[in-house]
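Numbering (the numbering used here), first residue to last: 638 to 885.
For each residue, glycine too, the CB sits at the ideal point set by N, CA and C.
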Ligand code: CA
């Protein structure tokens with residue numbers, strides 16, 4: 638199972654470091670943010686599994702961070718770090734979509750237990766897409782091959798297959814170029830530009846064109862100012878449940 642990535646947004650250095658250290662000791666990959674503006678950016682980054690969010694923060698209030706995050710990442714798990722007695726904040730936080738809260742001062746043990754409970758719920762194994770139907774053809778993502786009705790075949794490169802798999806696995810939403818860079822190309826994308834994504838999508842689109850079909854629906858839809866989405870031409874025909882846990 639991949640290490641879960643947690644963002645800690647807290648302006649008091651002692652608390653932030655204490656929380657971050659406790660999480661790292663438990664095996665989590667932790668990013669720290671000391672104000673609400675940086676916090677929102679980090680919390681909304683691709684690949685984050687959970688956010689610990691203080692409410693009283695400089696630059697941007699924690700509840701504001703939460704409501705902005707909910708617009709960009711509606712399901713990303715958030716635990717609020719709240720002050721004793723601020724019941725109004727807790728209620729407002731839960732109403733704004735926080736998953737849970739802990740009251741300061743909390744013990745590392747209590748916090749880790751809450752984190753684990755939420756991650757158990759959200760990091761469920763997800764089925765892995767294997768076969769995708771496209772008009773008169775079938776795409777086999779394991780073999781990285783497209784077979785058309787007239788028996789012609791086209792091979793997909795490893796990157797093209799991974800890109801297509803990611804789009805199809807997240808077919809209910811549009812995926813940004815940045816997310817594709819980080820999730821398909823992996824970490825260490827420095828130097829790689831989002832233009833590389835566009836180039837691969839163009840190549841993939843050309844391969845996904847049915848040699849027999851003139852008015853085939855779109856296989857990959859461009860979402861303006863954002864990225865791409867699996868199009869109406871693609872239907873998942875077969876999924877296998879992977880043995881390792883994935884991310885929802
Ligand atoms: Ca604070």
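Given that a residue counts as buried once 16 or more other Cβ atoms are within 10 Å of its Cβ, and exposed if not, what is residue 662? exposed
What would DSSP say about residue 850, mapped onto helix, strand or coil? coil
Kindly list the residues whose CB is nearer than 7 angstroms to the CB of residue 740, restricted to its own chain and excluding five residues on each side of it in sequence; keep chain order. 719 and 721
Proximity test, residue 691 beta-carbon vs ligand 1 heavy atom, cut-off 7 angstroms: yes
Grouping DSSP H, G and I as helix and E and B as strand, with all else coil, what is residue 721? coil
Once DSSP output is grouped into helix, strand and coil, what is the label at residue 836? helix
Straight-line Cα distance separating residue 868 from residue 802: 13 angstroms
Minimum length 4: unbroken alpha helix (DSSP H) runs contained in the segment 673 to 751: 673 to 680, 699 to 709 and 724 to 732
Give a single yes or no on whether residue 648 has its beta carbon closer than 7 angstroms to a heavy atom of ligand 1. yes
Using three-state DSSP, classify residue 865 as helix, strand or coil. strand
Given a threshold of 16 other Cβ atoms within 10 Å of its Cβ, counted over all protein chains shown, does residue 888 qualify as buried or as exposed? No information on residue 888 is available, as it lies outside the stretch 638 to 885 that the chain covers here.
8 angstroms contact criterion, which residue 686 and residue 760 should meet: CB distance rounded: 7 angstroms
Can you name the start and end residues of the alpha helix (DSSP H) that residue 798 belongs to? 795 to 806
Top-ranked residue by Cα proximity to residue 840, from 808, 812, 872 and 791: 791
Is it right to say residue 695 is buried, meaning 16 or more other beta carbons lie within 10 angstroms of its own, or is it exposed? exposed
With distances taken between CB atoms, is the gap from residue 676 to residue 709 smaller than 8 angstroms? no
Flag this pair as yes or no: are the beta carbons of residue 870 and residue 773 separated by less than 8 angstroms? no
What is the rounded straight-line gap between the Cα of residue 785 and the Cα of residue 701? 51 angstroms
How big is the Cα-Cα spacing for residue 824 and residue 767? A caution first: residue 824 carries a pLDDT of 48, below 50, which makes its placement in the model unreliable, though a value can still be read off. Whole-angstrom Cα-Cα distance: 24 angstroms.
Looking at the secondary structure, which residues open and close the beta strand (DSSP E) in which residue 658 lies? Looking at the DSSP string, residue 658 is not in any beta strand (DSSP E); the run it does join, the alpha helix (DSSP H), is 650 to 662.
Taking residue 809 as the reference, give the member of 865, 737 and 684 with the closest Cα. 865
List the whole-angstrom C-beta distance separating residue 600 from residue 777, where the pair is believed to meet the contact cut-off of C-beta under 8 angstroms. It is not possible to answer for residue 600, since the shown part of the chain is limited to 638 through 885.
Inter-residue Cα distance where the pair is residue 727 and residue 750: 19 angstroms
Does ligand 1 have a heavy atom nearer than 7 angstroms to the CB of residue 717? no
Would you kindly report the start and end of the unbroken alpha helix (DSSP H) that includes residue 816? 814 to 821
Can you tell me where the beta strand (DSSP E) holding residue 870 begins and where it ends? It is not in any beta strand (DSSP E) - residue 870 carries neither H nor E in the DSSP assignment.
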